[in-house]
Each structure stands twice: as C-alpha cells, then as structure tokens.
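Taken in order, these protein sequences are the chains called A and B. Heads up: take any position in the first sequence, counting from 1, add 1, and you land on the working numbering. Heads up: take any position in the second sequence, counting from 1, add 233, and you land on the working numbering. Below is one structure, written out as structure tokens, with a few remarks after it.
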Amino acid sequence: MNDVISQIVLHSVGSFGGTLGYAFLLNAPMSTVLPASLTGLLGYVLYEVMVNLLGQGAMFSYFLATVVIAVLCEIEARLMRMPSTIFLLTALVPLVPGYTFYCAMLALVEDNGAAAAAFGLEAVQTVAAIAVGAAVTSVLFRALTVRRKPVKA
Amino acid sequence: MLISETTQPETQKIRLICQAAQLALENGGETYRVEETALRMASGLGLEDVNIVAFPTSIFVSVGGVSRIRRVTHRGTNTSRLARVNDVSRRVEHGELSADEAEEELADIAADCGLHQLTLIVAYGVSAASFSLVFGGGLGTLLVALFIGMAVQAIQPLFSHMAMGTLLFDFSGGFLTAALAQAAAYIVPYGDVNAAIVGGIMPLLTGLLMTTAVRDTMYGDLISGIARAVEALLLAACIALGVYTGLKLMGMMGGAVL
C-alpha cells in the first residue's frame with residue numbers, strides 16, 4: 002500500500018514537471034503555465050489513484066480523468082478570459098499513451114506482430130477515450146454556457 | 234463594378250479579419266474558434282453580410298461580395314499568440330480598439346517570436362526527464378532523458394523553415410531519442426532504456442490533435458475533423474517510424490561498434 006502511494010507521489014511529481022516543460026514548449030502565456038500544470042498533475046493523479054488504488058479499468062480511468070481535466074480547464078479559461086484550448090493543450094499531456102505507443106514500436110522491432118497489434122490497439126483506444134472525453138466536455142460546456150445572440154449591426 | 238464600390242477602409246477591415254483568422258489558425262486555433270474570432274471582429278468593425286469558412290489549410294472570407302482567400306501552409310502551436318489574437322478580437326468587438334490600432338496589434342503579435350531557443354531547450358529537457366520519471370525511470374534515466382530532450386529541441390530550428398518540416402522533425406526526434414538512449418546504455422548501464430525513450434518522445438506526441446479532430450467533427454466541421462485526424466495519424470506514424478529506425482539501427486550496430 003505504501004509502495005503504491007509513494008509511487009503515485011513520484012509519478013505526480015514527474016507529470017507536473019513534464020506538463021510544466023511542455024507549457025513552455027507551446028509558448029504558453031506565463032499566467033496560464035502554473036494553473037495548467039497543476040490541472041495536468043491533478044488529472045494524472047486521479048488516473049493513477051483510480052487504476053492502482055480503486056482497481057478501475059484503464060479506459061474508464063482515462064476517460065474520467067480527461068473529463069475532470071477538461072471541466073477544470075473550461076473553468077480556468079472563463080476565469081482568466083482566455084481560450085480553453087490553451088489550458089487543455091498543456092494539461093492533457095501526461096495522459097497521452099506514450100508508453101503503450103512505444104511498446105507497440107518495440108514489439109514491431111522484435112518481429113512480434115501480435116503484441117504490436119495489441120499495444121497499438123490499446124494506444125488507439127486510449128487516444129479515443131481522451132479525445133472523446135475532452136471533446137464531449139467542451140461541447141457540452143459551450144452548449145450550456147454560450148447564450149450569445151448574434152448581434153446584428 | 235462591385236470592387237470599385239468598395240471603399241478603402243472597407244478593404245482594410247477585410248484584411249484585418251483575414252489576418253486575425255490566419256494568425257489564429259497558424260498557431261493552433263480550432264476552426265470553429267477561427268470562424269468565431271473573425272465574425273466577432275467583423276461585428277465590431279460594423280461589417281455586414283459576412284461569411285467565413287475556415288479549414289485547417291485555408292480561410293475564405295466574403296464580405297458583401299468582396300472575398301479574400303488565405304492559404305495556411307504553416308501550422309504550429311503558440312498559445313501566447315492564440316490568447317493575444319483572441320483578446321484583440323474581443324476588444325474590437327466591444328469597440329475598445331479601432332481598425333488601425335487592431336492592425337498594429339496584429340502585426341505585433343505576428344512579429345512576436347516567442348521564447349528564446351535556450352529556454353525551449355531547457356523546457357524540453359525538463360519535460361522529457363520528468364516524463365521518464367512517470368514511466369518508471371530512476372535517477373540515471375532521468376539524467377539521460379534530460380540530455381536527450383535537450384538534444385531533440387536543439388535540432389528543431391533546422392526544420393522550422395523546411396517544407397514538411399514538422400514531419401521530418403518528428404521523425405528525427407523519434408530517431409534521435411531511440412538512438413541516443415540506446416547508445417548511452419552501451420556506454421553506461423544507467424537503468425531503464427524504455428523509460429528514457431518514452432520520456433523523450435512524449436513532448437512530440439501531440440494527443441490534442443486528435444482531441445481537436447473529434448471536437449471539430451462534433452461541432453459539425455466534418456472536413457476539418459477528418460483533416461486533423463489524418464494529420465494526427467501522420468505525425469504519430471512519423472514518430473513511430475523514427476523510433477523504429479533508431480531501435481533497429483542501434484540493434485544492428487550495437488554489438489559491432491561499441
């Protein structure tokens with residue numbers, strides 16, 4: 002139990018640093034760097050807790066973590082009066098299935114087609130879970146909050 | 234006849250809309266946001282009968298019979314510029330900014346070249362090192378990933394003005410990461426090679442392209458959605474090909490050379 006928790010703490014430090022660096026790579030406005038990185042950290046910790054402590058399935062955990070990140074990003078965007086994309090671009094980075102993607106490559110190099118297909122499919126599923134989670138949230142947010150009547154000049 | 238009727242200030246306003254839309258599209262804005270930005274500016278500038286269509290590669294603006302087309306060849310992500318264009322469009326909409334002032338602002342945004350390359354090198358290094366930690370690397374792996382990340386960002390300017398530069402950069406980034414991580418392992422057994430490689434390619438894998446693709450599709454921008462999905466797949470394939478080549482090459486050379 003303690004091992005798992007210390008592992009989660011280590012991973013969350015990693016995901017925070019990774020998101021922070023990525024924010025600079027995207028030339029993010031300075032005021033958004035910290036909120037976006039913290040959101041990324043929070044989302045990743047949620048994912049790890051769900052998978053490792055609560056025993057939920059990976060896909061569901063990815064989906065839920067993405068939804069939480071997206072909701073927080075939309076709120077931050079409205080508070081700071083900036084496009085939500087700016088926050089979302091940075092905060093979703095730790096969830097991107099780089100490891101699965103790489104495992105698929107490794108399996109291909111080792112001529113293990115079956116493993117490559119399995120890992121590849123998992124990576125595609127994960128990306129789909131993240132993409133749908135983020136897209137549904139932002140579409141819903143817009144549908145619920147944007148009540149702009151077209152102003153005719 | 235129609236064109237000669239258009240007065241000078243009108244042309245400036247249309248140019249302004251195009252400029253804002255192009256800036257938003259070039260720096261990572263979604264197509265619906267680009268269209269919204271342009272429409273907002275148009276209503277602020279008092280233009281009527283405005284139609285705008287944006288695709289990831291082009292913008293079409295038509296104002297009362299006068300139309301402009303802009304080709305967008307370069308697509309990157311610079312969220313500072315995105316935020317500033319958004320800000321300008323809102324201020325124009327609310328009448329806080331005149332056309333001349335907006336033009337100056339937009340030119341200023343276009344000239345803003347962002348953070349210094351040295352900062353970016355450090356940022357990529359930190360990002361890669363931190364992600365290697367997430368994927369189970371220890372201190373040795375962290376240092377190797379830091380170095381790899383800095384090396385990958387260091388070669389980025391070579392590709393920035395090249396045709397197909399993004400594709401080549403993603404390929405080279407994947408290749409460099411895999412090759413360096415394995416070469417370092419031959420010299421000093423530092424720990425987890427896989428974690429170092431994944432850390433190095435994480436900042437290249439833009440998962441958000443796929444998110445944008447799905448979001449565009451859901452908003453009804455079907456063509457943009459498909460175009461972005463294809464772009465995302467293409468870039469992922471480039472990185473994969475780079476990593477594959479790097480792993481394969483080092484696997485073949487490894488025993489012989491080192």
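By construction, the Cβ of each residue, glycine as well, lies at the ideal position given by its N, Cα and C atoms. As the structure is a prediction and not an experimental result, all values here were calculated from the model.
Residue-chain proximity (residue i, chain A), Cβ-Cβ < 9 Å
i	result
Ala253(B)	no
Ile434(B)	yes
Asp403(B)	no
Thr445(B)	yes
Lys481(B)	yes
Cys471(B)	no
Met486(B)	no
Asn319(B)	yes
Arg314(B)	yes
Asn284(B)	no
Gly347(B)	yes
Gly406(B)	no
Arg323(B)	yes
Phe380(B)	no
Ser237(B)	Low per-residue confidence applies at Ser237(B): pLDDT is 48, beneath 50, and the placement is therefore not dependable enough to give any value.
Met234(B)	Low local confidence applies: a pLDDT of 44 at Met234(B) is under 50, so the model's placement there is unreliable, with the coordinate-based value given in what follows. No, Met234(B) lies away from the interface with chain A (no Cβ there is under 9 Å from its Cβ).
Phe364(B)	yes
Thr274(B)	Looking at the sequence shown, residue 274(B) is not Thr but Met. It does not; no Cβ of chain A falls within 9 Å.
Phe288(B)	no
Thr310(B)	yes
Leu392(B)	As written in the sequence, residue 392(B) is Phe, which differs from the Leu given in the question. So no, Phe392(B) is outside the interface.
Thr399(B)	no
Val476(B)	yes
Val377(B)	no
Any C-beta of chain B under 9 Å from that of residue i
i	result
Ala135(A)	yes
Cys104(A)	yes
Gly18(A)	yes
Val152(A)	Unreliable placement is indicated for Val152(A), whose pLDDT of 48 sits below 50; the coordinate value is still reported in the next sentence. Yes - at least one Cβ of chain B is within 9 Å of the one on Val152(A).
Thr91(A)	yes
Ser62(A)	no
Gly15(A)	yes
Thr146(A)	no
Ile87(A)	yes
Met83(A)	yes
Leu80(A)	no
Gly22(A)	yes
Gly99(A)	yes
Leu73(A)	no
Val5(A)	no
Val94(A)	yes
Leu39(A)	no
Leu55(A)	no
Environment of residue i [buried if 16+ CB atoms lie within 10 Å]
i	result
Gln252(B)	buried
His12(A)	buried
Ile302(B)	exposed
Ala254(B)	buried
Thr146(A)	exposed
Gln415(B)	buried
Met383(B)	buried
Met31(A)	exposed
Cys74(A)	buried
Leu26(A)	buried
Pro289(B)	buried
Asn311(B)	buried
Ser7(A)	exposed
Asn3(A)	exposed
Ile456(B)	exposed
Arg461(B)	buried
Proximity test, residue i beta-carbon vs the ligand NAP heavy atom, cut-off 8 Å
i	result
Ala361(B)	Among the components modelled here there is no ligand, and therefore nothing to report on the ligand NAP.
Distance CB(residue i)-CB(residue j) smaller than 9 Å
i	j	result
Gly15(A)	Val367(B)	yes
Thr20(A)	Val94(A)	yes
Phe64(A)	Ala130(A)	yes
Ser291(B)	Val305(B)	yes
Val318(B)	Thr270(B)	yes
Val128(A)	Met443(B)	yes
Leu400(B)	Leu339(B)	no
Met431(B)	Ser360(B)	One detail in the question is off: residue 431(B) reads as Val in this sequence, not Met. No, they are not a contact pair.
Ala105(A)	Gly121(A)	yes
Asp425(B)	Gly371(B)	yes
Pro84(A)	Gly277(B)	no
Gly433(B)	Arg448(B)	no
Ala412(B)	Met483(B)	yes
Gly114(A)	Thr67(A)	no
Members of the region 253-268 of chain B that neighbour chain A once the beta carbon cut-off is set at 8 Å: Gly261, Gly262, Glu263 and Arg266
Within 7 Å of chain A by C-beta, residues of the region 410-439 of chain B in sequence order: Asn427, Ile430, Val431, Ile434, Met435, Pro436 and Leu438
Minimum length 4: unbroken alpha helix (DSSP H) runs contained in the region 10-42 of chain A: none
Contacting positions in the region 25-36 of chain A - beta carbon closer than 7 Å to chain B: Phe25, Leu26, Leu27, Asn28, Ala29 and Pro30
Contacting positions in the region 349-362 of chain B - beta carbon closer than 9 Å to chain A: Thr352, Leu353, Val355, Ala356, Tyr357, Gly358, Val359, Ser360, Ala361 and Ala362
Members of the region 111-140 of chain A near chain B, C-beta cut-off 7 Å: Val128, Ile131, Ala132, Val133, Ala135, Ala136, Ser139 and Val140
Length at least 4, wholly inside the region 95-144 of chain A: the alpha helix (DSSP H) runs in chain order: 99-110
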